[in-house]
Amino acid sequence: MYTINSDDISKVLPSLGILPFFPSRCRKLPKALKDWPAFLDLKKKIEDFSETCPLLELMTNKAMKERHWKRLSDVCHYNFDVENPAFTLRGVMEAPLLQYKDDVEDICISAVKERDIEAKLKQVRADCAVADLSFSHFKARGELLLKGTETGEIIMALEDSSMIMNGLLSNR
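Next comes the structure, spelled out in structure tokens:
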């Protein structure tokens, strides 16, 4: 599987900090130039790219899984073939991201939330997997009673896990 190296993109995006200066420099050009089609085209490209950069940063998050790319494909009506080795930034830039900006942001943010939920759920499962119940003898009938001190700790851990799960449920 081909992955987009988000570290490289994260290094490049701050260097594009000059982008805010382009619109101000465009405004300072002589008025006669501002009517030229080339000027209008350049200005639109600069504005679009400035709006696209935050979306690109969100899309490079490692929380983005195949299901999120599929949702992006469905929303944007564009095939994001991230499995293809020829998948490049150019392919992403060709998609109508700005047209569906809010949806793209929602999908990327939900990917991060889902990753956090999966991590917490995995931790709860791991905690429950290692919990051992200790029994004590009851008269001559054998081990029938749970030991109070150890069981109390397990119950507290289960209550904590239950609170975590309720928090995750409300975070959807």
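Counting along the sequence shown from 1, when you hit position 56 you're at 58 in my numbering, and nothing is skipped either side. Ideal placement from N, C-alpha and C gives every residue a C-beta, glycine not left out.
A residue is called buried when at least 16 other Cβ atoms come within 10 angstroms of its Cβ; R73 meets this threshold and is buried.
Here L135 carries a coil assignment [DSSP, helix/strand/coil]. Looking at the DSSP output, L147 shares a beta bridge with S138. Residues E145, L146, L147, L148, K149 of the same chain have their beta carbon placed closer than 8 Å to that of F137, with the five preceding and five following residues left out of the count. Counting only residues of its own chain and dropping the five nearest sequence neighbours on each side, V94 has no CB closer than 6 Å to any other CB. The distance from the Cβ of E59 to that of P25 is about 19 Å, inconsistent with a contact at the 8 Å cut-off. Bounds of the alpha helix (DSSP H) holding D50 are 39-61.
Taking C-beta atoms as the reference points, P98 and C78 count as a pair closer than 9 Å. I156 is positioned such that its CB atom lies closer than 9 Å to that of L135. Of the residues Q125, E152, N173, I111, the one whose Cα lies closest to the Cα of K64 is I111. About 15 Å separates the CB atoms of M66 and A121; that is not less than 8 Å, and the two are not in contact.
Contact between S172 and V126 does not hold, since their C-beta atoms are separated by about 16 Å, which reaches or exceeds 8 Å. Within the same chain, Cβ atoms closer than 8 Å to the Cβ of F41 are found at C28, L31, L35, the five residues on either side in sequence being excluded.
Across the structure, E116 and R69 are spaced so that their CA atoms are roughly 11 Å apart. Under the DSSP assignment, K72 falls in the alpha helix (DSSP H) whose first and last residues are 68-78. The three-state reading of DSSP puts K122 in helix, counting H, G and I together. M61 sits buried, since 16 or more C-beta atoms from the chains shown fall within 10 Å of its C-beta. If the five residues before and after L57 are omitted, its C-beta is found closer than 6 Å to the C-beta atoms of L99, V106, all from its own chain and listed in chain order.
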